[in-house]
Amino acid sequence: MAEIFRFALVGGVNTCTFFGCYLLLHPWMPYFAAYSLAFVLSMVGSFFLNTYFTYRTKPTWKKFALFPLTNVTNYLVQSVGLYALVTWAGMDDRIAPLVAAVVAIPFTYLISQRILVPRGKAAGGSDGPEGPEGPGPENGMDERQPSRLA
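The number in this note's numbering is simply the position in the sequence shown, starting from 1, with 159 added.
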């Protein structure tokens, strides 16, 4: 339950970061370009907040490379929602990104957890380089660490 709370907290910070970037960029470019650039910028911050604070794992280049995959679904759900809200529902294009973001939250949590959290025996094992057992306290490879932010 604490992990879900931390995810929600990071999501709130990330949403504020995204929305702030979006509002700063929006006057100088079309709304969808501003949305896309703000999304990428906030995704980098989200990676570090989620690795250190939410899931308390070590960031690695591999996770950093895979993390955008966690956001592909998020981006697609939000993009379709943004387009529908602005084009079909006539919603203000300064507010629509926030509404579209709410719908994507459950998808983002499940996918980011899958990529950022090492899977051990309790989570169903892993077929990664750590072997079928995956990293875990029983084999000395648990990479979860106390948060430096908490």
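Every residue gets a Cβ at the ideal spot worked out from N, C-alpha and C, and that includes glycine.
Note that the coordinates shown come from a computational prediction; the quantities given were computed from them, not determined experimentally.
Helix, strand or coil for residue i per DSSP?
{"i": "Ile254", "result": "coil"}
{"i": "Gly249", "result": "coil"}
{"i": "Thr229", "result": "helix"}
{"i": "Thr213", "result": "helix"}
{"i": "Met188", "result": "coil"}
{"i": "Arg165", "result": "helix"}
Going along the chain, which residues of its own chain have a beta-carbon closer than 7 Å to the beta-carbon of residue i, five neighbours each way excluded?
{"i": "Leu241", "result": "Tyr194, Ala255, Pro256, Ala259"}
{"i": "Phe198", "result": "Phe177, Tyr234"}
{"i": "Ala263", "result": "Asn233, Val236, Gln237"}
{"i": "Ala281", "result": "With a pLDDT of 33 at Ala281, under the threshold of 50, the modelled position of that residue is not reliable, and no figure is offered here."}
With distances taken from CA atoms, which of the options is nearest residue i?
{"i": "Pro175", "options": "Ser271, Ser205, Asp252, Trp220", "result": "First, the residue type needs correcting, since residue 175 is Cys and not Pro in the sequence shown. Taking only the C-alpha atoms, the option nearest Cys175 is Ser205."}
Look at the alpha carbon of residue i and the alpha carbon of residue j, and state the distance between them as a whole number of angstroms.
{"i": "Thr267", "j": "Asn230", "result": "7 Å"}
{"i": "Thr246", "j": "Glu162", "result": "36 Å"}
{"i": "Gly171", "j": "Lys221", "result": "25 Å"}
{"i": "Ala167", "j": "Pro265", "result": "10 Å"}
{"i": "Ala248", "j": "Met160", "result": "36 Å"}
{"i": "His185", "j": "Gln272", "result": "31 Å"}
{"i": "Ile142", "j": "Asn173", "result": "Since the first and last residues shown for the chain are 160 and 309, residue 142 lies out of range."}
Short of 6 Å in beta carbon distance, which residues of its chain neighbour residue i, apart from the five on each side in sequence? Order them along the chain.
{"i": "Tyr190", "result": "Asp252"}
{"i": "Met202", "result": "Asn230"}
{"i": "Cys180", "result": "Ala197, Leu200"}
{"i": "Val276", "result": "Tyr214"}
{"i": "Leu228", "result": "none"}
{"i": "Ile274", "result": "Leu225, Thr229"}
Can you name, in chain order, every residue of its own chain whose Cβ lies under 8 Å from the Cβ of residue i, other than the five neighbours on each side?
{"i": "Phe207", "result": "Pro218"}
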